[in-house]
Amino acid sequence: MMGKGSVKHNTRAFTAKNVDKERSRDNVEFCHSDIKEVYQQLFGEALERYNAKQKRNDRKIENYYEKIRQGKQEKLFHEVIFQIGNKNDMNAKDWQGQVAKDILVEFMEDFQKRNQNLHVFSAHLHMDEETPHLHIDFIPFIRNSKRGLDTRVSLKGALAEQGFSGGTRGATEWNQWIEAEKQELSKVMERHGIRWKKLGMHRKHLSVLDYEKQERAKEVAELDKQIEKSETALHSVKNLVDNRLERAENLAQINENLKKANDRLYTDNSKLENAYTEAEQCHLSLSEKNRILQMENENLQDENGKLKFGNSELEKQRENLREELCLMIGVQARVELDIRSFNREKQWQLPDPGTFTSAKFYCENTAKPLVDKLKELVRNLIIRCTSLTEQVRNLTDKVKQQALDIDWYKGKLLEQANTAKKFQEQAAYLERVKLYAGTDKVQEMVEAIKAIERLESEQKRIQRSYDSRYYR
Numbered sequence: 124m125m126g127k128g129s130v131k132h133n134t135r136a137f138t139a140k141n142v143d144k145e146r147s148r149d150n151v152e153f154c155h156s157d158i159k160e161v162y163q164q165l166f167g168e169a170l171e172r173y174n175a176k177q178k179r180n181d182r183k184i185e186n187y188y189e190k191i192r193q194g195k196q197e198k199l200f201h202e203v204i205f206q207i208g209n210k211n212d213m214n215a216k217d218w219q220g221q222v223a224k225d226i227l228v229e230f231m232e233d234f235q236k237r238n239q240n241l242h243v244f245s246a247h248l249h250m251d252e253e254t255p256h257l258h259i260d261f262i263p264f265i266r267n268s269k270r271g272l273d274t275r276v277s278l279k280g281a282l283a284e285q286g287f288s289g290g291t292r293g294a295t296e297w298n299q300w301i302e303a304e305k306q307e308l309s310k311v312m313e314r315h316g317i318r319w320k321k322l323g324m325h326r327k328h329l330s331v332l333d334y335e336k337q338e339r340a341k342e343v344a345e346l347d348k349q350i351e352k353s354e355t356a357l358h359s360v361k362n363l364v365d366n367r368l369e370r371a372e373n374l375a376q377i378n379e380n381l382k383k384a385n386d387r388l389y390t391d392n393s394k395l396e397n398a399y400t401e402a403e404q405c406h407l408s409l410s411e412k413n414r415i416l417q418m419e420n421e422n423l424q425d426e427n428g429k430l431k432f433g434n435s436e437l438e439k440q441r442e443n444l445r446e447e448l449c450l451m452i453g454v455q456a457r458v459e460l461d462i463r464s465f466n467r468e469k470q471w472q473l474p475d476p477g478t479f480t481s482a483k484f485y486c487e488n489t490a491k492p493l494v495d496k497l498k499e500l501v502r503n504l505i506i507r508c509t510s511l512t513e514q515v516r517n518l519t520d521k522v523k524q525q526a527l528d529i530d531w532y533k534g535k536l537l538e539q540a541n542t543a544k545k546f547q548e549q550a551a552y553l554e555r556v557k558l559y560a561g562t563d564k565v566q567e568m569v570e571a572i573k574a575i576e577r578l579e580s581e582q583k584r585i586q587r588s589y590d591s592r593y594y595r
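Add 123 to a position in the sequence shown, counting from 1, and you land on the number used in my numbering.
The structure is reproduced here in C-alpha cells:
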C-alpha cells in the first residue's frame, strides 16, 4: 500500500503508541540518507546545466529541493509499504513473524535493481509492531527530459521508463507497478513455502476525507470504551475511599477510648503512690511491704501490657490504612492520567474535513458536537477526581494524627517503666530497714496491715471497673 511518508517514524526518531520499544532492536535499516543531500547528488549537475542555458535570472532555479517542496505538481518523495498477512497469521512475536521478516529482507535486496528510476534513500523493516512490514521511501526521476531539467523528478515518467504505461482509470502507472511488485513478492514467498491467498475482497479506494471519517469513528468507539472503563474505576475508587473514611472514624473512636483508659490509669497510679507513702509512714514490715509492692508492680505491668497491645493494634491499623491509601492514590493517578490523555493528545481531535462542502457539513454537525460532548465528559471526570483527591488528603491528615497519638502512648509507656524502676529501688531500701525494725512496733504494723487490706479491696474494685470498660 502507499504511505503518507514519515521518515522520522520509520527511523524511530519518535515512538508511536503502537510500538513495542523492547522489540525495536529487531528492526532492520537497509539505508537512510539525508534527502537534501540525495537531491544534490541526483539533480545537482542537471540544475547547473539548466541555469547555464537561461538568459534571464528570474528563470533560474536556486534550489531544486525547495522548488519541488513548494510546488504542487510533484512530491519530494514517495513511500510504499509491503506487508505479508496480518497479526493473526504473521504476528511479529511468533515464529511466523520471523518467516515474514526473511521474505521481506530478500524482497528488498533486489528492489533497487528492478526499479532503476526509483532512487531509494530510506528503507526500514519494522518488527516492533503487530505485523512485520517494510517501509520504502524513494525519489522517482527521469533522464533526457525535453522540459525543465534534463534529469528531474517525475513519478509518471519514471514508471513509464520502467515499462508501465497508463491505461484506464483503474490501471494507472502506479497501480500497474504495485501489482508487478506484488507478483515479485509472491515469488519470494513461494520460495519460502508461503502462498499468496487472494481473498477477492477488493474495496474501492476511499477518499482522504472518507478514510479520515472511518478512522475517527474507530477512535471515538475506542474512546467510549476507555471512558466507560475510567468511570467504573472512578466509582470503585470512590467506594474504597468511603470505606477507608469509615475505618478512619472507627480508629479515631478507638484512640479516644485509649486516651480515657490512660487517664484512668494515671489516676490509679497516683493512688498507688499515696498508698505507698502511707505504708512507709506506718513502718510496715519488709515482707508485707514487698508483697504490696509486688502486687502493685504486677498490676502496673498488666496495665502496661494492655497499653502495649492497644498501641500495637493501633500501629497495625495505621500501617494497613497507609498501604491502602498508597494503593488508592496510585489508582487515582492512573485514572487521572488516562482522563488527561483523552483531552490533550492530538490524535483524539477530529480534523477539519477540508474544502469540500459535504466535509464542512460533516465537521460542523457531527464531528465537532461529538468531540465537545467527549470533552465535557472528561471535564466532569476531572472534577470528580479533584473531589476524590480532597477526600484522600483529609484521610492522610487523620493518619498523621494517629501517628502523633501513638507517639504520645509511647511516652506514657516510658513513664510507667520509670515508675516501676522507682518501686524496685524503694523495695531495696526497705530491705535494709528490716534489720532495724523492733517488736515494739508490732501493734503499729497490725494497724497498718488493716489499712493496706482496705486499700487492696478498693484497688480491686477500681480494677474490675476499668476491665469492664476497656474490654467491653
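For glycine and all other residues, C-beta sits at the position ideal for the given N, C-alpha and C.
Using DSSP with H/G/I as helix, E/B as strand and the rest coil, what is residue i?
i    : result
K358 : Just to set this straight, residue 358 is His in the shown sequence, not Lys. If DSSP states are grouped into helix, strand and coil, H358 belongs with the helices.
Q130 : Just to set this straight, residue 130 is Val in the shown sequence, not Gln. Helix at V130.
R326 : With a pLDDT of 43 at R326, under the threshold of 50, the modelled position of this residue cannot be trusted; read the value that follows with caution. Correct three-state label for R326: coil.
R275 : strand
V331 : Low confidence applies here, because V331 scores a pLDDT of 43, under 50, leaving its location unreliable; read the following figure in that light. Residue state, collapsed to three classes: helix.
I585 : helix
F287 : coil
V494 : helix
F432 : helix
F153 : strand
I317 : coil
H406 : With a pLDDT of 49 at H406, under the threshold of 50, the predicted position of this residue should be treated as unreliable, and no value is reported.
Figure out for me which residue from the options has the closest Cα to the Cα of residue i.
i    : options                : result
Q206 : A223, R179, N174       : A223
E581 : Q514, K394, G220       : K394
G167 : D273, L504, K533       : D273
I452 : M568, E197, L357, W218 : L357
Q219 : E197, G289, M312       : M312
V276 : Y187, I317, K305       : Y187
Q539 : D212, Y389, C449, G271 : Y389
N378 : R179, F230, L500, I529 : I529
A215 : I204, E253, L199, E185 : E253
Q349 : L536, N298, V501, L278 : V501
I575 : N397, D181, R441, N362 : N397
E604 : K320, N211, D260, K521 : This structure gives no information on residue 604, because the portion of the chain shown stretches from 124 to 595.
P255 : N298, D233, I262, I204 : I204
Q524 : A281, L374, V364       : L374
G280 : K361, T489, D212, Q196 : Q196
F234 : K305, R179, G271       : K305
Y589 : N422, N541, T542       : N422
D251 : E296, L536, K545, K210 : K210
M213 : A543, W319, E436       : W319
Using a Cβ-Cβ distance under 8 Å, would residue i count as near chain C?
i    : result
Q306 : Any reference to chain C falls outside this structure, which holds one protein chain only.
Rounded to a whole number of angstroms, what is the C-alpha to C-alpha distance between residue i and residue j?
i    : j    : result
K183 : Q193 : 16 Å
T134 : H247 : 7 Å
T519 : Q424 : 34 Å
E202 : L511 : 49 Å
A139 : E438 : 47 Å
F287 : H258 : 22 Å
N517 : I505 : 19 Å
Q376 : E446 : 21 Å
H249 : S147 : 8 Å
L308 : F230 : 6 Å
Q547 : I415 : 12 Å
E302 : K310 : 13 Å
R587 : K573 : 22 Å
V243 : F153 : 10 Å
F484 : D365 : 47 Å
E345 : K176 : 59 Å
R387 : S359 : 43 Å
L385 : R577 : Note on identity: in this sequence residue 385 is Asn, with Leu being the wrong assignment. Near 24 Å, if we compare the C-alpha coordinates of R577 and N385.
R507 : K352 : 15 Å
K496 : S129 : 32 Å
Uninterrupted beta strand (DSSP E) stretches inside the stretch 159 to 216 (no shorter than 3 residues) = Whole beta strand (DSSP E) segments, 3+ residues: 201 to 206.
Segments of 4+ residues assigned as alpha helix (DSSP H) that fall wholly inside the stretch 219 to 263 = 234 to 237
Contact the stretch 259 to 277 vs the stretch 209 to 227: 3+ CB pairs below 8 Å | no
If we count Cβ pairs, one from each stretch, closer than 8 Å, do we get three or more for the stretch 227 to 240 versus the stretch 134 to 143?
-> Taking a contact to require three or more Cβ pairs closer than 8 Å, the stretch 227 to 240 and the stretch 134 to 143 do not qualify as touching.
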